[in-house]
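In order, the protein sequences belong to chains A and B.
Numbering-wise (our numbering), the first sequence opens with residue 1 and increments by one.
Numbering-wise (our numbering), the second sequence opens with residue 1 and increments by one.
The beta-carbon is built from N, C-alpha and C at its ideal position, and this holds for glycine as well.
Keep in mind it's a predicted model, so treat the numbers as computed, not measured.
Written out below as structure tokens is the structure these notes cover.
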Amino acid sequence: MVEPLLAIEGLSIDYEVGSGTFHALTDVSLTLVPGRVVGIVGETGSGKSTLGHAIPRLLREPPARIRSGRIVFRGTDILQLPRWKLPLLRGTGIGMIFQEPINSLNPAYRIFDQVAEAVIVRKARESRALPNPIRAVEPHDYSQGKPVKTGSALLHPAIPSFLGGGSRIRREALRSEVLDYLKLVRINDPETILELYPHELSGGMRQRIMIAMALSAKPSLLIADEPTSALDITIQAQVLTLMKELMDEVRTSILFISHDLGVIAEMADEVGVLYAGHLVEFGPVEEVYAAPRHPYTKLLLRSVPNRYKTDGPLPALSGSVPSLAQIPPGCPFHPRCPLVRDVCEKDPGPVLQRAQGAASPTHHAACYFSEEVDTIA
Amino acid sequence: MTRNNSDLIIFIGKRLLQLVPVILGVVVITFFFTHVAVQNPCAIWAGPHATQDQIAACRLKFGLDSPLTDQFWAYLSSLVTGDWGTNPTTEIPVLSTISTAFPATLELVLASLAIMTVLGIPLGVIAANGAGRWADHFVRTFYLSGWATPTYLGAVILAIGVGPVLGLPTKGDFSSTPTFPRPTHMSVVDALLNLNLPAAGDAVLHLILPASALAFLNLGIATRMTRTSMLEVLPLDFVKTARMKGLSEFRVLYKHALRNALITTITILGLTAGVLLSGTVVIENIFQWPGMGEYAFGAITGYNFKGTIGVVIIFAIVVVISNLIADVLYGLLDPRVEWR
């Protein structure tokens with residue numbers, strides 16, 4: 001079996017705010033094998049962003065509190081790392097793309113300075129100017145992919161010198177590498193873009209820059225937290241196409257978070273379905289979509305408009321997502337579930353295990369009646 | 001969208017032109033206030049034992065018998081030609097006093113602004129980063145105690161309590177009157193221009209207490225504004241982006257977050273320049289600093305109208321220019337600002 005890149009084991013996270021405790025994630029476990037794309041799908045408030053932010057320890061604690069669990073990244077439990085070591089995990093270890101390209105670039109600096117910074121951090125680590133205590137975090141070498149050349153820049157291990165210091169040659173090498181990454185994300189006129197500020201670019205362009213910046217650190221794992229949700233539908237398609245092409249070129253592992261089932265189907269190899277902070281189903285994306293083993297997944301898929309639907313209204317899920325402050329006992333979905341029986345209301349609820357009647361051994365669901373899901377009309 | 005440097009020059013030119021109506025306004029207000037409020041200043045100017053004839057001669061000399069508007073036009077035309085009048089009792093020209101006293105005050109204000117910047121802003125960052133925790137409470141206690149202390153009390157405590165304990169000088173700008181030429185009338189600058197390092201060190205030591213007094217009392221604004229705007233900036237995604245690049249927490253806070261939070265602080269610091277100037281009146285008095293605060297106080301209490309107006313003009317210029325500097329810095333910090 002391949003050593004997983006990322007293994008999340010029994011992760012539970014609460015938010016403690018004045019009005020009470022919100023259980024954002026409850027006992028979530030999943031693994032990510034190198035080179036794969038795992039999609040996380042769920043409605044607003046299902047805890048998917050919390051999951052994405054928890055992995056590189058971006059959550060503010062308090063209000064967030066990690067109740068239990070482990071996040072093992074390349075053999076190291078991230079939750080056990082002291083705070084000062086976190087910067088060493090980020091960048092070359094784990095990269096991240098955020099939802100709002102409007103806010104995710106610093107408005108005060110030129111594009112060049114922002115991308116160059118990520119390159120400089122990586123080079124400093126490659127030249128061991130900074131110690132790297134995260135065991136075996138060898139970043140992927142994207143130069144093996146198609147267009148990126150990094151060799152020339154490596155001859156000049158950069159000491160942070162972006163305040164105008166440093167030799168002209170080093171700056172030229174840095175500049176050409178930054179240009180390479182802008183070209184990698186298919187930016188037409190990278191020379192001009194380098195000198196611009198974020199507010200002078202469109203949303204789609206900014207998201208391309210974000211992708212270039214994340215990739216320029218050569219992370220082992222890339223977390224994409226709804227990277228296209230804030231974009232126009234045409235731009236969304238362009239960015240998704242780009243990401244798909246890049247996945248083939250750079251072969252990185254991606255955790256792709258989205259509320260959009262279509263986007264996940266397009267991007268992911270495996271998909272995890274989150275409901276009220278519980279991972280209710282996990283498995284190969286084709287199989288989960290074709291033969292879901294959890295009633296929630298089934299109903300969620302059924303409520304997606306299928307091209308131009310003309311025969312009456314779309315079936316909607318009755319009821320609403322429970323408040324994270326009062327998650328129902330037992331299975332969190334039981335109040336809305338058409339298959340509900342008495343056993344569903346009893347604690348502890350169903351655990352995520354190999355689903356009955358599933359074709360693939362990696363197809364898991366947290367439901368007592370998985371084999372009956374097909375009977376839901 | 002992109003800005004040109006020529007826009008900046010036009011912007012600065014426009015703002016400097018605004019000085020003309022501002023100065024005219026303060027001159028009109030101060031002139032009529034002083035001349036209407038005090039009916040017969042010659043009773044004071046001519047001395048306590050002056051006879052009726054001497055007072056009449058004084059009124060004739062200063063043209064007090066002509067209509068007020070004529071007096072105003074006469075004053076304004078002499079002002080425009082560079083003659084700011086004289087002190088009626090000592091006959092010392094207003095401009096010569098101001099030209100030696102103002103630089104000393106400016107030096108004091110700049111030194112305390114520097115202290116407010118290097119101490120107040122990081123304190124605000126520390127408070128915001130640890131919002132709600134002990135560091136935040138500690139910083140708040142520190143700046144509120146300064147903010148709540150009356151100027152004279154804080155200065156007196158520093159002069160009597162802290163100064164002797166630390167062995168810092170509490171009087172004047174030099175230990176002994178300097179013999180070297182004083183081209184700028186700023187103690188540290190003059191000593192450095194004369195390459196006289198011992199004198200420069202001496203001047204810096206003399207500057208510490210009055211500048212600290214002025215800074216400590218006004219530090220709260222810089223700290224509080226920095227804290228508030230940092231709290232707005234810290235949850236933004238670009239701070240997370242900076243963290244996710246693997247940058248150190250120091251770089252995330254000071255290079256990425258503070259750069260964007262500083263904009264508010266800079267605006268407030270620009271506005272504070274006026275407050276600092278008025279604060280110097282008391283501080284200079286206590287520390288015997290040879291600046292303009294003491295001259296302003298003497299001019300007002302001694303019915304030295306022209307001196308008063310001169311001080312008011314200088315204060316107005318400083319306030320306008322410090323706001324202009326704040327606006328320019330604002331644009332330099334935030335590339336989205338357009339010069340208009």
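Comparing C-alpha distances from A:THR362 to each of A:ASP342, A:VAL288, A:ILE97, A:GLN80 shows the shortest one belongs to A:VAL288. Annotated as distal: A:LEU222 and A:ILE66, with beta-carbon spacing of 9 Å or more. The straight-line gap separating the alpha-carbon atoms of A:CYS337 and A:GLU372 is approximately 12 Å. At least one beta carbon of chain A lies nearer than 9 Å to the beta carbon of B:MET244. With contacts defined by Cβ atoms closer than 9 Å, A:ALA230 and A:GLN99 form a contacting pair. The three-state secondary structure of A:PHE98, taken from DSSP, is coil.
The three-state secondary structure of A:LEU86, taken from DSSP, is helix.
Approximately 6 Å separates the beta-carbon atoms of A:ARG36 and A:GLU270; this is inside 8 Å, confirming the contact. Contact between the region 286-301 of chain B and the region 325-334 of chain B is not established, with fewer than three Cβ pairs separated by less than 8 Å.
Listed by position along chain B, the residues whose Cβ is nearer than 8 Å to that of A:THR92 are GLY246. Interface flag for A:PRO338 against chain B is unset, since no Cβ pair is found closer than 9 Å.
By the neighbour-count definition (other C-beta atoms within 10 Å, threshold 16), A:GLN236 is a buried residue. Here B:GLU338 carries a coil assignment [DSSP, helix/strand/coil].
The beta carbon of A:VAL340 is closer than 7 Å to those of HIS334 in its chain, skipping five residues each way along the sequence.
In terms of CA proximity to A:HIS259, A:TYR275 leads the group A:TYR275, A:GLU245, A:PRO56.
Judged by pairs of C-beta atoms under 8 Å, the region 204-220 of chain A touches the region 107-117 of chain A, as three or more such pairs exist. Interface residue (Cβ-Cβ distance to chain B less than 9 Å): A:PHE112 is not classified as such. Between B:MET225 and B:THR265, the C-beta spacing is below 9 Å. Under the three-state reduction of DSSP, B:PRO48 is assigned to coil, being neither helix nor strand. Under the three-state reduction of DSSP, B:PRO178 is assigned to coil, being neither helix nor strand. Rounded to the nearest whole angstrom, the C-alpha separation of B:ALA155 and B:GLN52 is 44 Å.
Look at A:GLU226: its C-beta is not under 9 Å from any C-beta on chain B. From the beta-carbon of B:ASP237, the residues of chain A found nearer than 8 Å are PHE98, GLN99, GLU100, ASN103, SER104.
Counting other Cβ atoms within 10 Å of its Cβ, A:ARG170 reaches 16 or more and is therefore classed as buried. For A:LEU255, there is no enclosing alpha helix (DSSP H); the residue is found in the beta strand (DSSP E) stretching over 253-258. Interface criterion met: the Cβ of B:ASN260 is under 9 Å from a Cβ in chain A.
When the five nearest sequence neighbours on each side are left out, the beta carbons in the same chain lying within less than 8 Å of the beta carbon of B:LEU276 are those of VAL109, SER112, LEU113, LEU214, ASN218, in order along the chain. Each residue's CA atom was taken as its position, placing A:THR192 and A:ARG70 some 45 Å apart. Annotated as distal: B:ASN196 and A:ASN106, with beta-carbon spacing of 9 Å or more. Three or more beta-carbon pairs drawn from the region 197-207 of chain B and the region 167-175 of chain B are found closer than 8 Å, and the two stretches are therefore classed as touching.
When beta bridges are read from the DSSP output, A:ILE66 appears opposite A:ILE13. The region 34-52 of chain A and the region 353-370 of chain A do not touch, with fewer than 3 CB-CB distances between them shorter than 8 Å.
Going by DSSP, A:ALA24 is part of the beta strand (DSSP E) stretching over 20-32. In terms of Cβ geometry, A:ARG208 and A:VAL185 form a close pair [threshold 9 Å]. Under the three-state reduction of DSSP output, A:ASP77 falls in the strand class.
Note on geometry: alpha-carbon atoms of B:SER322 and A:PRO82 lie some 45 Å from one another.
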